[in-house]
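Below is one structure, written out as structure tokens; the observations come after it.
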Amino acid sequence: MSTSQKNLTARFLDLKPHWRVVVICVGALFVYVFLDDYCWNYARIWATEGNRLQALIERGASQRDSLAENVKLSAIAFGSIEIPNDVAKTSESLALAVNETMKKHRITLYGYDAISAGKLTQNSMPEIAGTGGRIERIRGDVQFEISPDDLAQIISDFENNPSIDSLNSIKIRWLESQKKIDIRLSAEAWAIASRDTRKKGGT
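All residue numbers for the sequence shown refer to our numbering, where the first residue is 55 and numbers rise by one.
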């Protein structure tokens with residue numbers, strides 16, 4: 055025990071009994087507040103998150119048997135569902151997905167053009183679009199040349215990219231002189247866009 059600790063102990067023992075009780079209570083209160091703010095608070099957060107995940111798992115398990123077979127097969131085939139972003143983020147993600155796929159297959163020369171493919175009807179997926187929002191389709195037209203041996207893999211990479219919701223069209227043309235395939239495909243992603251609130255006939 056160091057000299058300072060001995061001095062503190064001696065000063066504590068010199069206190070009157072009721073003051074000792076006060077010091078002990080204050081110390082216990084300090085330890086309780088510290089544990090409650092840090093250790094126990096994290097424990098409560100983890101417990102709450104654990105209970106939420108358990109409830110989701112139990113709810114999913116309870117509904118599993120009532121799902122139609124085609125819904126189960128769709129979940130297996132397409133995987134988890136992601137909520138669409140806004141138009142700007144969706145356009146950026148779509149362009150990045152195309153660029154990453156091209157880079158993976160070492161294709162440096164390709165054409166890419168992104169356009170709006172139109173909005174869905176106002177009553178389409180209102181829970182996802184939210185108040186004042188509509189689902190808008192963003193289409194990215196891609197053109198490139200590739201070896202026939204790599205055709206199946208690059209199409210699979212496009213289809214499995216999480217930033218691409220669907221491939222609308224794929225046009226393939228054989229280039230005899232280059233012994234390559236010319237590919238033109240349309241990749242589509244969905245975004246949440248604001249509804250046009252302008253009055254009809256307004257300027």
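Glycine included, each C-beta is placed from N, C-alpha and C at the ideal position.
query                                                                                                                                  : result
Of the residues 84, 238 and 221, the one placed nearest residue 244, counting alpha carbons only                                       : 221
Rounded C-alpha distance that separates residue 209 from residue 150                                                                   : 16 Å
Secondary structure of residue 154, DSSP reduced to three states                                                                       : helix
Residue 217 versus residue 156 - alpha carbon distance                                                                                 : 14 Å
DSSP bridge partner residues for residue 198 (one or two, in chain order)                                                              : 164 and 237
DSSP three-state assignment for residue 191, whether helix, strand or coil                                                             : strand
Buried versus exposed, by CB contacts within 10 Å (16 or more), residue 167                                                            : exposed
Own chain, CB closer than 6 Å to residue 240, minus 5 neighbours either side, in chain order                                           : 193, 195, 222 and 223
Contacts around residue 201, its chain only, beta-carbon distance under 7 Å, and the 5 residues preceding and following it disregarded : 234
Secondary structure of residue 182, DSSP reduced to three states                                                                       : Only weak support is given to the placement of residue 182: the predicted model assigns it a pLDDT of 48, under 50, and the value that follows is read from those uncertain coordinates. Helix at residue 182.
C-beta contact flag for residue 69 and residue 80 at 8 Å                                                                               : no
Whole-angstrom distance between residue 203 and residue 231, CA atom to CA atom                                                        : 17 Å
Buried or exposed by the 16-neighbour rule on C-beta atoms within 10 Å, applied to residue 219                                         : buried
Buried versus exposed, by CB contacts within 10 Å (16 or more), residue 152                                                            : buried
Span of the beta strand (DSSP E), counted from its first residue to its last, around residue 221                                       : 220-229
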